[in-house]
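Trainee:
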Amino acid sequence: MLGFGTMRLPINGNNQAEINEPEAIRLIRYAIDQGVNYIDTAFPYHEGNSEAVVGKALAGTYRQKVKIATKMPIFSIQTKNDLDRIFELQFKRLKTGHIDLYLLHALMKQTWSKVEELAVLDWAERQIKKGKIGQIGFSFHDELDVFREIVDAYDWAFCQIQYNYLDEHYQAGVEGLRYAAARGLAVVVMEPLAGGLLAVPPPPNIQRELDKSGVKRTPADWGLQWVWSHPEVVTALSGMNSMTQLQDNLESANNSAVNSLTQKEIQALAKSRELFQQFGYIGCSKCRYCSKCPQHIDIPQTLTFLNEFATKRRDLSAQAQIKREYTAVVPTERRANNCIRCGQCESICPQHLPVRRLLSETAACLQ
């Protein structure tokens, strides 16, 4: 039920490229020792270093205990030669002769057109025949009609969609979940905790709604159990970067079951969703695809502060504290007011967020 996502491994300092390798390897191996057998990575994670760390973690007998899932970054492919170049580099990083589960990464309408234009699926089938790939799937970030088109276009083994109790009707959503499962695809869920937003204590009024269910859970456990209660979900990925997170999620997985939530619990989570939306929930998953901002703005960190500021709209002292934290944590040269509205961030954002507008709001509210 629990897969280990390696987009958010522990790092040294604030540099996403500098993974704390000893700690990351310790976490991955501990998870495997406890029964986790699905390790998810991708070519661009941690600026290209995630796959290499996964390869080191799976040295020795660990490789035989897991399924490796990694991804071809279709958004970076320009020619057919790029497919072979990136694929061979992935094998070197992962130190493996076989990739169990291979995904076309972050498919959207425009990247799906590229898949068709460059005959990527024909290329993938050749790799299967060579014994280099086990199963073909895709991860997805677009509207439901695009999702259906992609599902119907090929005999996929599996797909990966964003799904959590805030995003029940966003992108593929619950309709896409059921659509894919009905057509025989295994469905892997990413962002079950909405980029970490659902792993931290919620605003008091949301906590009161959860308490009305009569069940006591951590915020993360609420989010994970909601996802796992769906019979169509085969695995939920979590980007765990501390032993505490890992052990908590392992315990949650051990207590999970299909259709396990009571009607009171489902109603409490539905009401929580309504309240989050009233706050103006910003669906940033902290994927950091926007980290190459030409102005060096820390966009994920900025949007995290804006989300928190919105949840404190009735508490002026708390909002003042958030302003102080923003200016203390985010250096002057990385703040929202440096935005030149070039739009580069919006062109690559898998959540299709209006980042330029949100940065303007941050500059107005927090600076």
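In terms of numbering that gives the first Met the number 0, the sequence shown opens at residue 0 and continues consecutively.
In this text, a Cβ means the ideal position worked out from N, Cα and C, and glycines have one as well.
Here the structure is a predicted model, which is why all the values come from computation and not from measurement.
What distance in whole Å lies between the Cβ atoms of P201 and A235, which are believed to be in contact at a cut-off of 8 Å?
Mentor: On the sequence shown, position 236 is the one that residue 235 refers to. On the sequence shown, position 202 is the one that residue 201 refers to. Actually they are not in contact, since the Cβ atoms of A235 and P201 sit about 20 Å apart, beyond 8 Å.
Trainee: By DSSP, does I296 sit in helix, in strand, or in coil?
Mentor: As a position in the sequence shown, residue 296 is number 297, starting the count at 1. Coil at I296, not helix or strand.
Trainee: Write down the C-beta distance between R92 and A123 rounded to the nearest angstrom, noting that I regard them as a contact closer than 8 Å.
Mentor: As a first step, residue 92 is located in the sequence shown; it is residue number 93 there, counting from the start. As a first step, residue 123 is located in the sequence shown; it is residue number 124 there, counting from the start. Actually they are not in contact, since the Cβ atoms of R92 and A123 sit about 19 Å apart, beyond 8 Å.
Trainee: Three or more C-beta pairs under 8 Å: does that hold for the region 205-217 against the region 168-185?
Mentor: Short answer: they don't touch.
Trainee: Taking only three categories from DSSP, how would you classify Y44?
Mentor: Residue mapping note: residue 44 aligns to position 45 of the sequence shown, counting from 1. Correct three-state label for Y44: helix.
Trainee: At a threshold of 7 Å, does L365 count as lining the ligand MN (C-beta to nearest heavy atom)?
Mentor: The model on display carries no ligand, and the ligand MN is accordingly not part of it.
Trainee: Kindly list the residues whose CB is nearer than 6 Å to the CB of A362, restricted to its own chain and excluding five residues on each side of it in sequence; keep chain order.
Mentor: Locating residue 362 in the sequence shown gives position 363, counting from the first residue. Cβ within range, chain order: A335 and N336.
Trainee: Going by alpha carbons, who is nearest to Q159 out of K79, L245, I296 and M189?
Mentor: Translated into the one-based positions of the sequence shown, residue 159 becomes position 160. Out of K79, L245, I296 and M189, M189 has the C-alpha closest to the C-alpha of Q159.
Trainee: At which residue ranges does the region 78-147 contain complete beta strand (DSSP E) runs of 3 or more residues, listed in the order of the chain?
Mentor: Those beta strand (DSSP E) runs which fall completely within the region 78-147 and span 3+ residues are 98-106 and 132-139.
Trainee: Measure the beta-carbon distance from N248 to A219 and round it to whole angstroms, keeping in mind my assumption that it falls under 8 Å.
Mentor: Your numbering for residue 248 matches position 249 in the sequence shown. Your numbering for residue 219 matches position 220 in the sequence shown. So it is a contact: roughly 7 Å between Cβ atoms.
Trainee: How many Å lie between Y288 and A105 at the Cα?
Mentor: For the purposes of this step, residue 288 is taken as the residue at position 289 of the sequence shown. For the purposes of this step, residue 105 is taken as the residue at position 106 of the sequence shown. Cα to Cα, the separation comes out at about 11 Å.
Trainee: How should A30 be labelled, buried or exposed, when 16 other C-beta atoms within 10 angstroms of its C-beta is the threshold for buried?
Mentor: In the sequence shown, the residue the question calls residue 30 occupies position 31. It is buried - the Cβ of A30 has at least 16 other Cβ atoms within 10 Å.
Trainee: What does DSSP give as the partner residues of A68 in its beta bridges?
Mentor: Along the sequence shown, one-based indexing puts residue 68 at 69. According to DSSP, which records beta bridges pairwise, A68 is partnered with D39 and L100.
Trainee: Have a look at Y61 and R28 and give me their C-alpha separation to the nearest angstrom.
Mentor: As a position in the sequence shown, residue 61 is number 62, starting the count at 1. As a position in the sequence shown, residue 28 is number 29, starting the count at 1. Answer to the nearest angstrom: the Cα atoms are 7 Å apart.
Trainee: For T303, which option in S284, G34, S316 and G12 has the closest C-alpha, if you only look at C-alpha atoms?
Mentor: By 1-based counting over the sequence shown, the position of residue 303 is 304. Cα-wise, what sits closest to T303 is S284.
Trainee: Can you tell me whether DSSP reads F189 as helix, strand or coil?
Mentor: Position 190 of the sequence shown, counted from the first residue, corresponds to residue 189. Just to set this straight, residue 189 is Met in the shown sequence, not Phe. Strand at M189.
Trainee: The beta strand (DSSP E) with Q350 in it runs from where to where?
Mentor: Locating residue 350 in the sequence shown gives position 351, where the first residue counts as 1. Segment: none, Q350 is in no beta strand (DSSP E) and carries neither H nor E.
Trainee: Using only alpha-carbon positions, find the residue among N11, S112 and Q126 that is nearest to Y101.
Mentor: Within the sequence shown, the letter at position 102 stands for residue 101. Selected option, being the one with the closest Cα: Q126.
Trainee: What residue range does the beta strand (DSSP E) around T234 cover?
Mentor: Position 235 of the sequence shown holds residue 234. Residues V232 to S237.
Trainee: Should G47 be labelled buried (16 or more other beta-carbon atoms within 10 Å of its own) or exposed?
Mentor: Sequence index remark: in the sequence shown, residue 47 carries index 48 (1-based). Flag for G47 reads exposed.
Trainee: Go ahead and pull the three-state DSSP assignment for G194.
Mentor: As a first step, residue 194 must be located in the sequence shown, where it is residue number 195. In this structure, G194 counts as helix in the three-state DSSP scheme.
Trainee: In the structure shown, what three-state DSSP assignment does G175 receive?
Mentor: As a working note, residue 175 is residue 176 in the sequence shown. Three-state DSSP puts G175 in a helix.
Trainee: Let me know the secondary structure DSSP gives G59 once reduced to three states.
Mentor: For the purposes of this step, residue 59 is identified with residue 60 of the sequence shown, where counting begins at 1. Residue state, collapsed to three classes: helix.
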